[in-house]
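One structure is given here, and the rest of the page talks about it.
Protein chains: 2
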Amino acid sequence: MGAWPGLIRAYHDYLDVPDEHVVTLHEGNTPLIPVPGVAERVGRAVKVYVKFDGMNPTGSFKDRGMTMAISKAKQDGSKAVICASTGNTSAAAAAYATRAGMKCYVLIPDGKIALGKLSQAMMHGATVLQVHGNFDDALKLVIKISREHPVTLVNSINPHRIQGQKTVAFEVIEQLGGKAPDYHFLPVGNAGNITAHWMGYTEWHKLGRVESRPKMMGFQAAGAAPIVLGHPVEHPETIATAIRIGNPASWKQAEAARDESGGTIDMVTDEEIIAAYQHLAGREGVFCEPASAASVAGLFKYADKLGLSGGETIVCTLTGHGLKDPDRAIAVSPQPTKVQATEEAVLAAMELTE
Amino acid sequence: MGAWPGLIRAYHDYLDVPDEHVVTLHEGNTPLIPVPGVAERVGRAVKVYVKFDGMNPTGSFKDRGMTMAISKAKQDGSKAVICASTGNTSAAAAAYATRAGMKCYVLIPDGKIALGKLSQAMMHGATVLQVHGNFDDALKLVIKISREHPVTLVNSINPHRIQGQKTVAFEVIEQLGGKAPDYHFLPVGNAGNITAHWMGYTEWHKLGRVESRPKMMGFQAAGAAPIVLGHPVEHPETIATAIRIGNPASWKQAEAARDESGGTIDMVTDEEIIAAYQHLAGREGVFCEPASAASVAGLFKYADKLGLSGGETIVCTLTGHGLKDPDRAIAVSPQPTKVQATEEAVLAAMELTE
Numbered sequence: 001m002g003a004w005p006g007l008i009r010a011y012h013d014y015l016d017v018p019d020e021h022v023v024t025l026h027e028g029n030t031p032l033i034p035v036p037g038v039a040e041r042v043g044r045a046v047k048v049y050v051k052f053d054g055m056n057p058t059g060s061f062k063d064r065g066m067t068m069a070i071s072k073a074k075q076d077g078s079k080a081v082i083c084a085s086t087g088n089t090s091a092a093a094a095a096y097a098t099r100a101g102m103k104c105y106v107l108i109p110d111g112k113i114a115l116g117k118l119s120q121a122m123m124h125g126a127t128v129l130q131v132h133g134n135f136d137d138a139l140k141l142v143i144k145i146s147r148e149h150p151v152t153l154v155n156s157i158n159p160h161r162i163q164g165q166k167t168v169a170f171e172v173i174e175q176l177g178g179k180a181p182d183y184h185f186l187p188v189g190n191a192g193n194i195t196a197h198w199m200g201y202t203e204w205h206k207l208g209r210v211e212s213r214p215k216m217m218g219f220q221a222a223g224a225a226p227i228v229l230g231h232p233v234e235h236p237e238t239i240a241t242a243i244r245i246g247n248p249a250s251w252k253q254a255e256a257a258r259d260e261s262g263g264t265i266d267m268v269t270d271e272e273i274i275a276a277y278q279h280l281a282g283r284e285g286v287f288c289e290p291a292s293a294a295s296v297a298g299l300f301k302y303a304d305k306l307g308l309s310g311g312e313t314i315v316c317t318l319t320g321h322g323l324k325d326p327d328r329a330i331a332v333s334p335q336p337t338k339v340q341a342t343e344e345a346v347l348a349a350m351e352l353t354e
Numbered sequence: 355m356g357a358w359p360g361l362i363r364a365y366h367d368y369l370d371v372p373d374e375h376v377v378t379l380h381e382g383n384t385p386l387i388p389v390p391g392v393a394e395r396v397g398r399a400v401k402v403y404v405k406f407d408g409m410n411p412t413g414s415f416k417d418r419g420m421t422m423a424i425s426k427a428k429q430d431g432s433k434a435v436i437c438a439s440t441g442n443t444s445a446a447a448a449a450y451a452t453r454a455g456m457k458c459y460v461l462i463p464d465g466k467i468a469l470g471k472l473s474q475a476m477m478h479g480a481t482v483l484q485v486h487g488n489f490d491d492a493l494k495l496v497i498k499i500s501r502e503h504p505v506t507l508v509n510s511i512n513p514h515r516i517q518g519q520k521t522v523a524f525e526v527i528e529q530l531g532g533k534a535p536d537y538h539f540l541p542v543g544n545a546g547n548i549t550a551h552w553m554g555y556t557e558w559h560k561l562g563r564v565e566s567r568p569k570m571m572g573f574q575a576a577g578a579a580p581i582v583l584g585h586p587v588e589h590p591e592t593i594a595t596a597i598r599i600g601n602p603a604s605w606k607q608a609e610a611a612r613d614e615s616g617g618t619i620d621m622v623t624d625e626e627i628i629a630a631y632q633h634l635a636g637r638e639g640v641f642c643e644p645a646s647a648a649s650v651a652g653l654f655k656y657a658d659k660l661g662l663s664g665g666e667t668i669v670c671t672l673t674g675h676g677l678k679d680p681d682r683a684i685a686v687s688p689q690p691t692k693v694q695a696t697e698e699a700v701l702a703a704m705e706l707t708e
């Protein structure tokens with residue numbers, strides 16, 4: 001096999017970017033990893049996989065959309081980009097913008113930004129502005145500024161973002177040997193990703209590249225569940241900072257994906273999210289960020305409600321890597337034991353029983 | 355294309371593990387990313403790529419060796435594994451061990467463990483023992499304990515580790531279209547990785563799968579450079595914690611790789627490492643951990659000493675992801691600016707000049 005060229009070049013028939021304008025960090029091509037412990041808990045001989053999109057270059061699925069958004073901005077001659085972000089978007093925007101030789105401005109809400117994400121925007125040379133307000137305040141500002149000034153908006157309302165993100169569905173179909181899963185679970189925050197997944201499945205279904213499409217099962221955090229509640233949430237609260245959003249940009253499209261697929265958008269509590277997060281790391285060996293685990297938490301919640309006949313294939317998207325939020329991991333785990341550097345001390349702490 | 359099956363199954367002709375014992379997180383298959391800004395600084399029309407091994411599942415190259423070590427331990431019926439680690443090995447050992455249903459004990463040296471790495475071992479359910487001593491003290495302890503108790507040593511002196519790690523050379527050859535680079539730069543800490551790279555290149559060269567082998571260019575941190583100095587360093591000190599090792603386990607093999615390839619093992623200062631780290635993130639969009647940047651720092655140092663004739667192909671291995679050590683990234687970057695959530699305040703902070 002040759003080198004994976006990044007998703008725009010890999011799927012050039014489905015993404016409209018001239019080769020000379022492609023800005024890539026060779027994103028995409030993320031692994032589809034079986035999670036037998038999850039499957040066992042669901043029962044009924046289901047096959048469950050995680051699509052670990054945290055294994056993109058900046059550690060989240062945002063790279064899929066950002067390679068498109070920045071390539072298009074480059075094609076259009078843009079010299080600067082701007083976004084509002086709870087962290088992952090800013091990391092991706094900063095990385096791709098600097099690779100393209102563009103300036104990047106990121107507006108982050110006050111407080112509760114995961115450490116890893118903040119470090120990325122800073123290292124990639126973005127101008128990071130921490131605004132005294134929440135994500136939705138920051139989003140309103142960047143929309144207005146991008147309309148009035150020569151700076152390209154790269155939030156998920158940038159239409160190119162969704163085009164790049166749809167490739168996750170292409171990859172899942174290929175990784176399953178040309179089939180779609182029966183169910184696709186994923187976290188819902190700003191709702192661009194569920195929209196994009198459905199767009200990808202639908203595009204290949206229309207072209208006859210796949211026979212069926214999955215039911216789309218989206219999960220919001222209980223403290224930030226505007227779509228479930230049917231109204232915006234003014235002060236969203238959840239430990240899953242990546243989906244702490246009160247008024248999703250792609251609200252209507254997410255509802256359409258749910259309805260067209262015969263799926264569901266529901267919510268899971270922070271406790272359910274943390275339990276799934278710990279199961280994935282502690283049993284399957286897969287360390288995702290807390291928000292990502294909303295997908296698996298949703299599967300655990302719905303296992304008995306799906307009416308499974310047995311043997312179904314289920315995919316859960318994990319949107320970000322656990323290294324994005326090391327503080328949370330440390331907070332929910334047992335702390336290291338300090339011992340003297342002697343064999344006796346170490347053996348005692350190991351509690352080895354032979 | 356189908357799903358990447360992890361490196362043991364992808365390279366099963368070169369790795370001796372029966373399929374039923376394979377423990378995998380679908381590691382390997384990491385991207386080879388052009389770094390045009392590095393190439394420009396080197397000049398002479400060279401092509402420079404980074405092999406971004408930080409894009410393995412636990413965020414470092416250690417996954418390559420650990421899929422082998424844990425699979426072999428499983429084949430042998432082992433129920434527990436142990437390692438000493440400055441962080442990356444413990445993260446990989448904990449992830450693969452828990453996936454295999456094994457217990458994992460990790461001994462980490464006192465202090466200076468990067469936050470991300472520590473969070474991983476903890477989340478993956480390892481028993482983490484912080485010993486009052488340095489890496490070399492911890493290594494001596496785990497070697498002794500593994501000899502006397504039913505627990506498998508998975509440090510890089512475990513011979514299976516190097517076997518897994520050699521696949522990085524196979525991937526580079528394939529990604530370059532069947533050719534080896536002219537030079538391969540990489541960081542040197544415990545020296546297992548330079549040994550493994552050379553083993554991989556040599557194995558395929560002997561089989562006729564590639565016509566040439568690269569000169570191996572290894573770089574230690576100046577405060578932890580035992581191979582360069584010719585004697586162990588009792589108190590190694592460097593900001594590049596992943597290579598803060600005073601008495602490398604694979605010392606002799608590293609010297610053999612250097613001598614057989616006609617390469618060099620030298621050192622770079624912490625300042626040179628940080629400069630390369632910032633260049634990679636700030637210009638190329640690639641965020642690696644500090645130790646990884648020793649490879650590119652070495653290339654910058656040697657650019658004028660290599661006697662390049664022009665057009666050479668150079669690969670630099672980046673061993674770990676920048677998210678492994680967010681504190682370091684934040685420490686070396688400009689801090690975010692706090693602003694009110696008004697258009698006027700944001701525009702002023704952006705310093706937009708039209």
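Protein chains in written order, with the numbering used here: chain E, 1 to 354; chain S, 355 to 708. Each residue gets a CB set at the ideal place from its N, CA and C atoms; glycine is no exception.
- Ranked by Cα distance from G307(E), the options T342(E), L176(E), V46(E) are led by V46(E).
- Note on geometry: alpha-carbon atoms of D613(S) and I597(S) lie some 21 Å from one another.
- Straight-line spacing of the CA atoms in V233(E) and N193(E) works out to 20 Å.
- Judged by DSSP secondary structure, V81(E) falls within the beta strand (DSSP E) whose first and last residues are 80-84.
- Close partners of L25(E) in chain S (Cβ separation under 8 Å): P385, I387, G639, V640.
- In chain order, A94, A95, T98 place their CB closer than 6 Å to the CB of H124(E), counting only its own chain and leaving out the 5 sequence neighbours on each side.
- According to the DSSP assignment, Y459(S) belongs to the beta strand (DSSP E) that extends over 457-463.
- Positions of the beta strand (DSSP E) runs, each at least 3 residues long and wholly inside the region 261-313 of chain E, are given as 264-268 in order along the chain.
- DSSP places I387(S) in the strand class (E or B) of the three-state scheme.
- Inside the region 124-155 of chain E, DSSP marks whole beta strand (DSSP E) runs of 3 or more residues at positions 127-132, from first to last along the chain.
- Annotation: Cβ neighbours of E697(S) in chain E (cutoff 7 Å, chain order): L141, K144, I145.
- Bounds of any beta strand (DSSP E) do not take in P580(S); it lies within the alpha helix (DSSP H) bounded by 580-583.
- With respect to chain S, the C-beta atom of A95(E) has a partner C-beta closer than 9 Å.
- In the structure shown, Y14(E) adopts coil according to DSSP, grouped into three states.
- The bridge partners DSSP lists for Y183(E) are K215(E), I314(E).
- Take M553(S), set aside five residues on each side of it, and the residues of its chain with a beta-carbon closer than 6 Å to its own are K520, in chain order.
- When the alpha-carbon of G676(S) is set against those of M420(S), I436(S), K471(S), the nearest one is in K471(S).
- In terms of beta-carbon proximity, S663(S) stays away from the interface with chain E, with every pair separated by 9 Å or more.
- For Q694(S), the nearest CB of chain E lies under 9 Å from its own CB, placing it at the interface with that chain.
- In the three-state scheme derived from DSSP, where H, G and I count as helix and E and B as strand, S473(S) is classed as helix.
- Q689(S) is bridged by DSSP to nothing; it lacks a bridge partner.
- A distance below 7 Å between beta-carbons, with the five flanking residues on each side excluded, links S292(E) to the following residues of its chain, in chain order: G54, P187, L318, T319, G320.
- Three or more beta-carbon pairs separated by less than 8 Å are not found between the region 331-347 of chain E and the region 200-210 of chain E, which leaves the two stretches without contact.
- Shortest Cα-Cα distance from L701(S) to any of A138(E), V286(E), Q253(E) involves A138(E).
- A residue is called buried when at least 16 other Cβ atoms come within 10 angstroms of its Cβ; S444(S) meets this threshold and is buried.
- The Cβ of P232(E) sits no closer than 9 Å to any Cβ of chain S.
- Taken atom to atom, the span from the alpha-carbon of K416(S) to that of G285(E) is near 14 Å.
- Inclusion of G6(E) and L32(E) in the CB contact set at 9 Å is not warranted, their separation being larger than that value.
- Contact check for V268(E) and A297(E): beta-carbon distance about 4 Å, within the 8 Å limit, so the pair qualifies.
- Taking 9 Å as the cut-off, the beta carbon of R44(E) is found closer than this to the beta carbon of G311(E).
- A straight-line Cα-Cα distance of about 39 Å links D136(E) and E40(E).
- In the structure shown, V46(E) falls within a coil segment according to DSSP collapsed to helix, strand and coil.
- Check the Cα spacing between Y183(E) and each of K324(E), P36(E), D13(E), T313(E): the tightest is with T313(E).
- Secondary structure note for G65(E): its alpha helix (DSSP H) is the uninterrupted segment 62-75.
- Taken through DSSP and simplified to helix, strand or coil, H551(S) comes out as helix.
- Cβ contact annotation for P150(E) (same chain, cutoff 8 Å, sequence separation greater than five): S78, K79, A80, in chain order.
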